[in-house]
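Quick mapping for you: the protein sequence lines, in order, are chains A and B.
Sequential numbering of the first sequence, starting at 7, is according to the working numbering.
Sequential numbering of the second sequence, starting at 1160, is according to the working numbering.
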Amino acid sequence: MIADTLAEVLARNALITAFLFIGVLVWVSYFLSARLTSGRVHGSAIAIALGLVLAYIGGSYTGGSRGIADLSLFAGVAVMGGAMFRDFAIIATAFGAHLDELKRAGLVGGISVVLGVVLSFSVGAGMAVAFGYTDAVSISTIGAGAATYIVGPVTGTALGADSDVIALSVAAGLTKSILVMIGTPLVAARIGLTDAYSAMVYGGLMGTTSGVAAGLAATDPKLVPYGAMTATFYTGVGCLLAPSVLFLTVRTLT
Amino acid sequence: MVVYGVALLSFCMLVGVFVGDLLGQMIGVEANVGGVGVAMLLLILLSNLHDHGLKISAPTESGINFWNAMYIPIVVAMAAKQNVLAALSSGGLAIAAGTTAVVASFLLVPAMARLGRARDR
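Dropping the structure here:
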């Protein structure tokens, strides 16, 4: 009876349960960071990695698409980690950002967005060709998925791609976003991701808002507003270029 | 009042997302174009108006800073709700396409940053 009542209370107050759950998860992560790595691996990097592991476990257990949030006890995690709160918190990080820094890297940040879309699209399209796809629609859809998991299905739908190709493009975008979350803190020093300027270039080139948001949080939270600022334009530019100019280029080449 | 800060943040987000949606419709894509970026710019502009009579008091500031501090926990929650299973079980092509795109983009970061800085000088 006690366990049932407790489970019911936790499920009924889902968002509050999520606050507690994530709080404990972050605490454990910072504890591990301090004790096991003497602070070398950032606590937030561990927390994000643990979050992804839990998402995998949740997905395997329920077969759903929302990671741990598909377990009714943790349904609130989907609200807390949903796009609405994510964007709200990203915007809040801009409070205290320097306008001068944004202006200084504005142009190169903008160029990075366009270049980033073209680069990810080309690489993804190249992989599609390498795996035996020959029609321009499928190649473009998978290339668009390598930009972000939103550009993929938007492009695929616009071009009339098969639903399994669209699913593949979403998976390519998911892989990208997860890899950016985990990889950014590991390569940050080597790629010179240390100041506002490089963060704007990085945000523009990577483009995946969730990947950039988590990657910078695990690297240096001070860089978040700069990377997020450019990344937020990426999906829009991708949805503009992929089904038009980039698709036409692919069609000419195939 | 703390709620003024939260309201200011909400105002910036709603205006930004609205502008982003309009921008998307104008260029004919089914996506929000830079809504969050516009919201961030608006917040920065509004918070720099103290010389022009818009003073943000300390309690108001704490309403914004609370959400700023909640950023990492929210991102952790976001990670925990990702469809990691779909990404990992989708087979070679999706993983190869995603991975090479990330590696190529990482490699371009230092080059672009250097080019940009060289041009600035």
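Glycine is no exception: its CB is placed at the ideal position from the N, C-alpha and C atoms.
Test item: CB-CB of residue i and residue j under 7 Å
| i | j | result |
| --- | --- | --- |
| residue 182/A | residue 214/A | yes |
| residue 4/A | residue 116/A | For residue 4/A there is no data in the structure shown, the boundaries of chain A being 7 and 260. |
| residue 65/A | residue 57/A | no |
| residue 186/A | residue 221/A | yes |
| residue 203/A | residue 111/A | yes |
| residue 1172/B | residue 216/A | no |
| residue 197/A | residue 1268/B | yes |
| residue 1222/B | residue 1165/B | yes |
| residue 47/A | residue 35/A | no |
| residue 87/A | residue 1240/B | yes |
| residue 78/A | residue 17/A | yes |
| residue 123/A | residue 243/A | yes |
| residue 1200/B | residue 1192/B | no |
| residue 21/A | residue 85/A | yes |
Residue closest to residue i, alpha-carbon to alpha-carbon, out of the options
| i | options | result |
| --- | --- | --- |
| residue 132/A | 1253/B, 1205/B, 1273/B and 1277/B | 1253/B |
| residue 232/A | 96/A, 19/A and 78/A | 96/A |
| residue 210/A | 230/A, 85/A and 196/A | 230/A |
| residue 1206/B | 60/A, 123/A, 245/A and 105/A | 105/A |
| residue 1176/B | 208/A, 90/A and 27/A | 90/A |
| residue 1259/B | 130/A, 13/A, 192/A and 241/A | 130/A |
| residue 237/A | 35/A, 248/A, 44/A and 118/A | 118/A |
| residue 228/A | 1245/B, 1231/B, 1240/B and 1276/B | 1231/B |
| residue 121/A | 1162/B, 1200/B, 1264/B and 1221/B | 1264/B |
| residue 1256/B | 86/A, 88/A, 147/A and 108/A | 147/A |
| residue 1248/B | 21/A, 153/A and 178/A | 178/A |
| residue 249/A | 153/A, 77/A and 78/A | 153/A |
| residue 1163/B | 1233/B, 1213/B and 1187/B | 1213/B |
| residue 5/A | 1187/B, 1228/B and 1244/B | Absent from the structure is residue 5/A, since the part of chain A shown begins at 7 and ends at 260. |
| residue 1233/B | 99/A, 42/A, 191/A and 126/A | 99/A |
| residue 1246/B | 155/A, 162/A, 189/A and 218/A | 155/A |
| residue 126/A | 151/A, 107/A, 19/A and 22/A | 151/A |
| residue 138/A | 162/A, 171/A and 164/A | 171/A |
| residue 1161/B | 1190/B, 1215/B and 1183/B | 1215/B |
| residue 1197/B | 1169/B, 1242/B and 1218/B | 1169/B |
Alpha-carbon spacing of residue i relative to residue j, whole angstroms
| i | j | result |
| --- | --- | --- |
| residue 68/A | residue 136/A | 34 Å |
| residue 51/A | residue 1204/B | 31 Å |
| residue 83/A | residue 176/A | 21 Å |
| residue 260/A | residue 141/A | 7 Å |
| residue 1250/B | residue 158/A | 17 Å |
| residue 61/A | residue 28/A | 13 Å |
| residue 33/A | residue 1235/B | 12 Å |
| residue 24/A | residue 54/A | 15 Å |
| residue 1/A | residue 240/A | No information on residue 1/A is available, as it lies outside the stretch 7 to 260 that chain A covers here. |
| residue 70/A | residue 235/A | 31 Å |
| residue 31/A | residue 101/A | 26 Å |
| residue 160/A | residue 245/A | 7 Å |
| residue 3/A | residue 1202/B | Residue 3/A is absent from the structure shown; chain A starts at 7 and stops at 260. |
| residue 109/A | residue 1210/B | 20 Å |
| residue 169/A | residue 93/A | 29 Å |
| residue 1195/B | residue 1174/B | 9 Å |
| residue 9/A | residue 143/A | 53 Å |
| residue 247/A | residue 167/A | 17 Å |
| residue 1226/B | residue 258/A | 48 Å |
| residue 1273/B | residue 200/A | 13 Å |
| residue 134/A | residue 145/A | 6 Å |
| residue 1271/B | residue 212/A | 12 Å |
| residue 1188/B | residue 192/A | 35 Å |
| residue 1180/B | residue 1167/B | 20 Å |
| residue 188/A | residue 1242/B | 15 Å |
| residue 163/A | residue 1185/B | 19 Å |
*asked:* Counting only Cβ-Cβ distances shorter than 7 Å, please list the residues of the stretch 1207–1223 of chain B near chain A, keeping chain order.
replied: 1207 and 1223
*At a Cβ cut of 7 Å, what residues of the stretch 87–106 of chain A count as close to chain B, listed as they run along the chain?*
87, 91, 92, 93, 94, 95, 96, 97, 98, 99, 100, 101, 103 and 105
*For the stretch 39–70 of chain A, which residues have a beta carbon sitting closer than 7 Å to at least one beta carbon of chain B?*
50, 53, 54, 57, 58, 60, 61, 62, 65 and 66
*asked:* Beta carbons nearer than 9 Å to chain B: which residues of the stretch 177–193 of chain A have them?
replied: 177, 178, 179, 180, 181, 182, 183, 184, 185, 186, 187, 189, 190 and 193
*What residues in the stretch 1168–1185 of chain B bring their beta carbon closer than 8 Å to a beta carbon of chain A?*
1168, 1169, 1171, 1172, 1175, 1176, 1179, 1182 and 1183
_Members of the stretch 190–215 of chain A near chain B, C-beta cut-off 7 Å_ = 193, 197, 198, 199, 203, 204, 207, 208, 211 and 212
_Short of 9 Å Cβ to Cβ, which residues in the stretch 11–34 of chain A face chain B?_
24, 25, 27, 28, 29, 31 and 32
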